[in-house]
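See structure below.
Protein chains: 2
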Amino acid sequence: MAAADLTTHPGHLARRLQQAHYLLWNTMVSEETTSPQFAVLNALVAEPGLDQRTVGERVGLDRSTIAEVISRLSRRGLLDKVRDPEDGRRFLLRLTEEGARTHRRLTVRTARMNQVFLAPLTAEERTVFFDLIRRVADAAEGLRDPGDPLPAPR
Amino acid sequence: MAAADLTTHPGHLARRLQQAHYLLWNTMVSEETTSPQFAVLNALVAEPGLDQRTVGERVGLDRSTIAEVISRLSRRGLLDKVRDPEDGRRFLLRLTEEGARTHRRLTVRTARMNQVFLAPLTAEERTVFFDLIRRVADAAEGLRDPGDPLPAPR
DNA sequence: CGGAAATACTCAGTGCCCTGACTAAACGGG
DNA sequence: CCCGTTTAGTCAGGGCACTGAGTATTTCCG
């Protein structure tokens, strides 16, 4: 007995929120380029020539996932991937003209989508919304490496 | 030029929030049973004998995804799946003793994890947090079928 | 200088998540 | 009663996300 009320479970809400966003992105922004892919393009507009790992860090993706995303973008010719001559382990990433064009196009569509997505909230509520989510996510992320603050000593 | 600030993009925040939760779940709740799997167990505790589609509806998963999740739970012997004698299309789902036990065990761990996850927020902030996310997610979900409120006529 | 440790990336494996196309069962009106 | 429509579930295919193991390169230290 005693089933839990999932509407008070942040994990469940986070999943539902992301699904809702995924859906809206698909219909209002792009069917080819996903939201994580856009985040990568965006990071490279801000800082061209980043290596794979750092891009992953910027957008919040682990080494495996970022490798897949980049391989797809590269396959579609949206970015170039070249060995760093100074450090043979790294790949340096840079948008192609086509990649930059895609980023520009999606930027305006994304802004439109965000308006629709956030329509149920007032301006003040949006600020609070961002702040609360950011605080929870940041805190949980900080709970990672540093000496394993949780019971299990690994 | 003009890279966007992703910290004001709800989709990006939602993804980061979910990742943070995934991580915490893994370390504090279970490595075998995932959060969506727990949601399914929970739905069946509340309403035993539901069919697959309805469970999916309750926890917010489409028919394909719910089929995979259920197949995994069934493989591990946490639930039984039998043809509805009254309607040969449906499968009726019911937790096994082991499934019910798993649900009980995870329920207490989940509560502990939620405390940690929400620790950065005060009690009032948590209420707001739930409310805002729910409103955004519900609104976006409502934006689905009904006559396609968006440009594209399908 | 040479070997151990750290670092960037790859690869295999698992699970979630969606769409679109398909099969089988049930339903409903002529 | 039969045929068309709806409905439950399956299957193939693409993408995101993580872990753990493995490779190559660089770095650091004795």
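For the protein sequence lines, the chains are L and P, in the order given.
Heads up, the first sequence is in UniProt numbering, so the first residue is 1 and it goes up one at a time.
Heads up, the second sequence is in UniProt numbering, so the first residue is 1 and it goes up one at a time.
All residues carry an ideal CB built from backbone N, CA and C; glycine is no exception.
Short-range partners of chain P found in the segment 14-34 of chain L, where Cβ spacing is below 7 angstroms = Ala14, Arg15, Arg16, Leu17, Gln18, Gln19, Ala20, His21, Leu23, Leu24, Trp25, Thr27, Met28
Would you mind stating whether alanine 119/L and alanine 139/P have Cβ atoms separated by less than 8 angstroms?
-> In the first sequence, the residue the question calls residue 119/L occupies position 119. In the second sequence, the residue the question calls residue 139/P occupies position 139. A contact, by the Cβ cut-off of 8 angstroms.
In the structure shown, what three-state DSSP assignment does aspartate 62/L receive?
-> Here residue 62/L refers to the residue found at position 62 of the first sequence. Collapsing the DSSP output to three states places aspartate 62/L in coil.
If you pair each beta-carbon of the segment 66-83 of chain L with each one of the segment 127-135 of chain L, do three or more pairs fall below 8 angstroms?
-> no
As assigned by DSSP and simplified to three states, the class of aspartate 51/L = Position 51 of the first sequence, counted from the start, is the residue given in the question as residue 51/L. Strand at aspartate 51/L.
Using a C-beta to C-beta distance shorter than 9 angstroms, which residues of chain P count as neighbours of proline 120/L?
-> For the purposes of this step, residue 120/L is identified with residue 120 of the first sequence, where counting begins at 1. Those are Leu132, Arg135, Val136, Asp138, Ala139, Ala140, listed as they occur along chain P.
Mark proline 149/P as exposed unless 16 or more other C-beta atoms lie within 10 angstroms of its C-beta, in which case mark it buried.
-> On the second sequence, position 149 is the one that residue 149/P refers to. Note that proline 149/P has pLDDT 42, beneath the 50 cutoff, so the model's placement of it is unreliable and the number below is only indicative. The residue is exposed, with fewer than 16 neighbouring Cβ atoms inside 10 Å.
Selection from Val136/L, Gln52/L, Asn26/L that minimises the alpha carbon distance to glycine 88/L = By 1-based counting over the first sequence, the position of residue 88/L is 88. Nearest of Val136/L, Gln52/L, Asn26/L to glycine 88/L, Cα basis: Gln52/L.
Please determine, among Thr8/L, Pro10/L, His12/L, Thr27/L, the residue with the shortest C-alpha to C-alpha distance to valine 116/L.
-> Indexing the first sequence from 1 puts residue 116/L at position 116. When each option's Cα is compared against that of valine 116/L, the closest is Thr27/L.
Since alanine 46/P meets chain L, which of its residues come closer than 8 angstroms, beta carbon to beta carbon?
-> The residue labelled residue 46/P in the question sits at position 46 within the second sequence. Ordered by position in chain L, the residues that pass the 8 angstroms Cβ test against alanine 46/P are Ala3.
At which residues does the alpha helix (DSSP H) containing aspartate 138/P begin and terminate?
-> Position 138 of the second sequence, counted from the start, is the residue given in the question as residue 138/P. Where aspartate 138/P is concerned, the enclosing alpha helix (DSSP H) stretches over 123-142.
Any beta-carbon of chain P closer than 8 angstroms to the one on leucine 6/L?
-> By one-based count along the first sequence, residue 6/L stands at place 6. Put simply, the CB of leucine 6/L is near chain P, with a gap under 8 angstroms to one of its CB atoms.
Any 3 or more C-beta pairs closer than 8 angstroms across the segment 16-24 of chain L and the segment 61-71 of chain L = no
Along the alpha helix (DSSP H) that carries arginine 104/L, what are the first and last residues, could you check?
-> Residue 104/L sits at position 104 when you count from the first residue of the first sequence. Here the alpha helix (DSSP H) through arginine 104/L covers 97-118.
Limits of the unbroken alpha helix (DSSP H) element including leucine 44/L = Mapped onto the first sequence, residue 44/L falls at position 44. Segment 35-46, the alpha helix (DSSP H) holding leucine 44/L.
Residue closest to arginine 94/P, alpha-carbon to alpha-carbon, out of Met113/P, Arg126/P, Leu44/P, Asp84/P | Along the second sequence, one-based indexing puts residue 94/P at 94. When only C-alpha atoms are compared, the closest one is Leu44/P.
Tell me, please, whether the CB atom of glycine 77/L is closer than 8 angstroms to any CB atom in chain P?
-> Locating residue 77/L in the first sequence gives position 77, counting from the first residue. No, its Cβ sits nowhere closer than 8 angstroms to a Cβ of chain P.
Find the residues of chain L that neighbour alanine 39/P, judging by a C-beta separation of less than 8 angstroms, and give them in chain order.
-> One-based indexing of the second sequence puts residue 39/P at position 39. Leu6, His12, listed in chain order.
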